[in-house]
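The next block holds one structure in the form of structure tokens; read it before the comments.
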Amino acid sequence: MTGNLPPGINPPATDPWKGFRGVMAGTLILEVIIVLLAFPIVAKIGGGLSWGSGLFLGALTLAFIVLSGMCSRPWALPTILVLQLVLIAGGLFHWSLAVIGVIFLCVWVYIAYIRRDVARRIEHGLLPSQRLD
2 MTGNLPPGIN
12 PPATDPWKGF
22 RGVMAGTLIL
32 EVIIVLLAFP
42 IVAKIGGGLS
52 WGSGLFLGAL
62 TLAFIVLSGM
72 CSRPWALPTI
82 LVLQLVLIAG
92 GLFHWSLAVI
102 GVIFLCVWVY
112 IAYIRRDVAR
122 RIEHGLLPSQ
132 RLD
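For the sequence shown, position 24 matches number 25 in this note's numbering, and the numbering has no gaps at all.
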């Protein structure tokens with residue numbers, strides 16, 4: 002993302018996207034843990050764990066795990082945002098899944114905002130590692 006800098010602006014000395022990818026992967030793993038904790042909620046409190054709800058939660062968990070290793074791809078963040086909407090739709094199985102989805106959708110929208118802000122700062126040469134002191 003730093004390949005098209007205007008003349009006179011230095012690229013960052015350290016890769017800011019490396020840490021950002023770590024935040025994304027860590028957030029996905031945290032979400033995996035939370036979704037796995039939803040299994041007993043759906044099984045005991047909800048209408049029971051059916052093959053549909055079990056398959057839904059299992060597939061979503063697997064998708065989050067796979068995406069945690071692909072955070073460097075340009076399509077990763079939009080895919081994660083779409084999966085949050087899928088998780089919200091899981092409220093059809095139990096309302097707690099929709100609540101988890103809404104909470105993590107807010108987190109991922111904030112992460113997308115941070116990503117845009119960092120890209121803007123790199124473009125304008127405002128990162129501390131881009132300054133020539």
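Each residue gets a CB set at the ideal place from its N, CA and C atoms; glycine is no exception.
{"query": "Helix, strand or coil at P75 [DSSP, three-state]", "result": "coil"}
{"query": "Proximity winner among L58, S51 and W18, relative to I34 (alpha-carbon distances)", "result": "L58"}
{"query": "Residue span of the alpha helix (DSSP H) that contains A44, given as start and end", "result": "Segment: none, A44 is in no alpha helix (DSSP H) and carries neither H nor E."}
{"query": "DSSP-derived helix/strand/coil call for H125", "result": "helix"}
{"query": "Environment of H95 [buried if 16+ CB atoms lie within 10 Å]", "result": "buried"}
{"query": "Sequence-distant residues of its chain with Cβ nearer than 8 Å to A77 (five each side left out)", "result": "M25, L68 and M71"}
{"query": "G48 (DSSP reduced to helix, strand or coil)", "result": "coil"}
{"query": "Spatial neighbours of L82 in its chain, beta-carbon cut-off 6 Å, leaving aside the 5 residues before and after", "result": "W109"}
{"query": "Presumed contact (8 Å Cβ cut-off) between T146 and V103, rounded CB distance", "result": "Residue 146 cannot be examined here, being either before or after the span of the chain that is shown, 2 to 134."}
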